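In UniProt numbering, the protein residues as written are 1 to 608.
We treat Cβ as the ideally placed atom computed from N, Cα and C, and that holds for glycine.
These numbers come from a predicted model, not from an experiment.
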């Protein structure tokens, strides 16, 4: 998606959607409106607008195209008298293609179903939802998808949104259509309703508690198809699943960075009030998680490397700060203070908490114990967005608030393509590129990354926020946007010997940049001068430097690999005796110096 097709104004989208909702409900028809306004909704709006899903320009287009194909498949099923069978994900004819990333290499960690049956063969009265959706509907199966189910349980608190993930379904025709947000776009996934069973006839993978309900196994199957196989979703991060289901901004916090238990509780309570989707886990390979701490957690009922859903935060009238979580297994609960077996939940408190003691995977834990046993991650309900995508040769973006006075909140997301999808297609292990993101601000007109080097900016301004170099699929930073300033977003790509590289492990580097804000914003990529007439690709550009006596001591050298490389921030420093290291000849240095002087004369570069 290029900058020329940035997201429509979210406020206008929300206005149209709201009018459509009011018109529909006036006729007695219930509808789901999958957008939120870019201003804070009033209480009436909050009650009927799903708060999690971010408005995106391609959502309606995705649904419309999906329904066209869905209706054609339904018509074909009716005319032929046969149910739909998914040839792209053929679980009954070539199951290994669907089970394993490489169909020739069976992964013993992925148990294969003994048989595949349709929902109508498993239940005489198959339904997608029975009495709505709830976290208690979810039961984990033999697949390592607790992170996925934990995300489902968290989103189940937003009934309208979870139900809207399933665009359409027809059990008579055996067809289901689901939508996910992946690689910066909404995608529709159409599957048949074959479900894998164990030898005893029970559903092998994830399932619903009610035997007539099927939204859990079918969403899991659609997610597996999106990634190429069930093996591809055997383990992962629940915050990424939440992003894939909402289009929101996902990020995680370590509890040891939140300070006190009171601060942790206050943050979770605040985010839940804002309709954030929250999940928690104890990650075994975290630096702050010792073996002793993991053993203590297991002894008290907390499963390590396992995703839990955060459902509620409640402070009792006696001042006890409690957090409610749920294990997607539907069993094995925490057994410490305030748990079902602790004896601390009096009848009065059970009524106050609206809690029933049962072996259902749902339990309460104090904020203090939560700090000890869990890390946490969540997706914040955001209200408007702007999208940009780019390759690594354009790592600067300009961001500004269009508000006149008030300071607003923003969440900036730098994301890469999901490598699991590419790996499923190519059978190659493709790593996520290590990127970092820095955000700087300056007064209007004070900085232009195309005329002043990034080094000059560093000398004058401190970064407002940073996402350090990481190989996570998403990097997220939060920034307060002051309308008096212009913000520069800088994406930092890998370097070799101090030189930026355009490929990583043989792959081109690309990324998506999204900004969510509580006010209207402008996100743009600064224009790049066209130097093609005189400076073809392969030219070496040198920016000479002098000492106090005027002697040339070194030069900034840039070998043009693309026309965007003319920006000064792309150059590398090379002393005269280090020219060979950068394959820069004396003649190229001379030509580069002349080029530099010409650019200064043309006003395209500032003299150094």
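Considering only the beta carbon of each residue, do residue i and residue j sit closer than 8 Å?
| i | j | result |
| --- | --- | --- |
| residue 195 | residue 175 | no |
| residue 132 | residue 159 | yes |
| residue 328 | residue 361 | yes |
| residue 193 | residue 87 | no |
| residue 443 | residue 491 | no |
| residue 316 | residue 349 | yes |
| residue 314 | residue 322 | yes |
| residue 170 | residue 74 | yes |
| residue 481 | residue 401 | yes |
| residue 203 | residue 217 | yes |
| residue 166 | residue 188 | no |
| residue 309 | residue 517 | no |
| residue 439 | residue 479 | yes |
| residue 366 | residue 306 | no |
| residue 123 | residue 220 | no |
| residue 523 | residue 477 | no |
| residue 70 | residue 126 | no |
| residue 295 | residue 208 | no |
Could you work out which residue in the options is closest to residue i when comparing CA atoms only?
| i | options | result |
| --- | --- | --- |
| residue 256 | 314, 180, 145, 374 | 374 |
| residue 112 | 92, 492, 125, 147 | 92 |
| residue 141 | 434, 64, 235, 337 | 235 |
| residue 99 | 126, 143, 118, 129 | 143 |
| residue 358 | 330, 88, 348 | 330 |
| residue 336 | 95, 372, 224, 307 | 372 |
| residue 403 | 521, 229, 342, 346 | 521 |
| residue 356 | 139, 486, 215, 340 | 340 |
| residue 270 | 239, 311, 94, 231 | 311 |
| residue 186 | 477, 65, 251, 364 | 65 |
| residue 210 | 153, 400, 139 | 139 |
| residue 251 | 280, 263, 229, 227 | 280 |
| residue 416 | 184, 320, 80 | 184 |
| residue 90 | 230, 338, 164 | 230 |
| residue 475 | 205, 294, 253 | 253 |
| residue 199 | 71, 117, 346 | 117 |
| residue 368 | 273, 261, 601 | 261 |
| residue 276 | 242, 306, 298 | 242 |
| residue 82 | 214, 126, 172, 70 | 172 |
| residue 324 | 293, 268, 62 | 268 |
| residue 228 | 60, 72, 97 | 97 |
| residue 485 | 406, 206, 412, 421 | 406 |
| residue 62 | 206, 179, 102, 94 | 179 |
| residue 411 | 249, 351, 354 | 249 |
| residue 237 | 272, 201, 278 | 278 |
Assuming residue i is part of the alpha helix (DSSP H), what are its boundary residues?
| i | result |
| --- | --- |
| residue 477 | Taken as a continuous stretch (DSSP letters only), residue 477 belongs to no alpha helix (DSSP H), being part of the beta strand (DSSP E) at 474-481. |
| residue 278 | Premise fails: residue 278 lies in the beta strand (DSSP E), 277-281, not in any alpha helix (DSSP H). |
| residue 265 | 261-273 |
| residue 237 | Counting along the chain, residue 237 falls outside any alpha helix (DSSP H), and DSSP gives it neither H nor E. |
| residue 223 | 215-227 |
| residue 75 | 59-80 |
Can you give the beta carbon distance from residue i to residue j, rounded, assuming they're within the 8 Å contact cut?
| i | j | result |
| --- | --- | --- |
| residue 156 | residue 177 | Rounded, the Cβ-Cβ distance is 20 Å, inconsistent with contact. |
| residue 58 | residue 130 | Actually they are not in contact, since the Cβ atoms of residue 58 and residue 130 sit about 32 Å apart, beyond 8 Å. |
| residue 511 | residue 435 | 6 Å |
| residue 246 | residue 148 | The pair is not a contact, with the Cβ atoms about 14 Å apart (cut-off 8 Å). |
| residue 264 | residue 370 | 7 Å |
| residue 487 | residue 441 | 5 Å |
| residue 343 | residue 519 | Not quite, the Cβ-Cβ distance comes to about 50 Å (not below 8 Å), so this is no contact. |
| residue 240 | residue 473 | 6 Å |
| residue 197 | residue 128 | In fact, because the Cβ distance is near 19 Å, the residues do not count as touching under 8 Å. |
For the beta strand (DSSP E) that contains residue i, what are its first and last residues?
| i | result |
| --- | --- |
| residue 487 | 485-492 |
| residue 374 | Residue 374 -> no beta strand (DSSP E), and no H or E assigned at all. |
| residue 442 | 435-443 |
| residue 409 | 408-415 |
| residue 523 | 521-524 |
| residue 115 | 115-118 |
| residue 297 | That residue, residue 297, is in no beta strand (DSSP E); its alpha helix (DSSP H) goes 291-299. |
| residue 206 | Premise fails: residue 206 is in no beta strand (DSSP E) and is neither H nor E. |
| residue 248 | Here residue 248 belongs to no beta strand (DSSP E), and DSSP marks it neither H nor E. |
At what residue ranges does the stretch 304-368 contain a whole run of the alpha helix (DSSP H), taking only runs of 4 or more?
Listed in chain order, they are 347-353.
Please list the segments of the alpha helix (DSSP H) lying wholly inside the stretch 154-201, counting only runs of 4 or more residues, in order along the chain.
Runs found: 159-165.
Quick check on the DSSP output: what are the complete alpha helix (DSSP H) runs of length 4 or more inside the stretch 87-143, in order along the chain?
Runs of the alpha helix (DSSP H) spanning 4 or more residues and lying entirely within the stretch 87-143 occur at 95-99, 119-122, in chain order.
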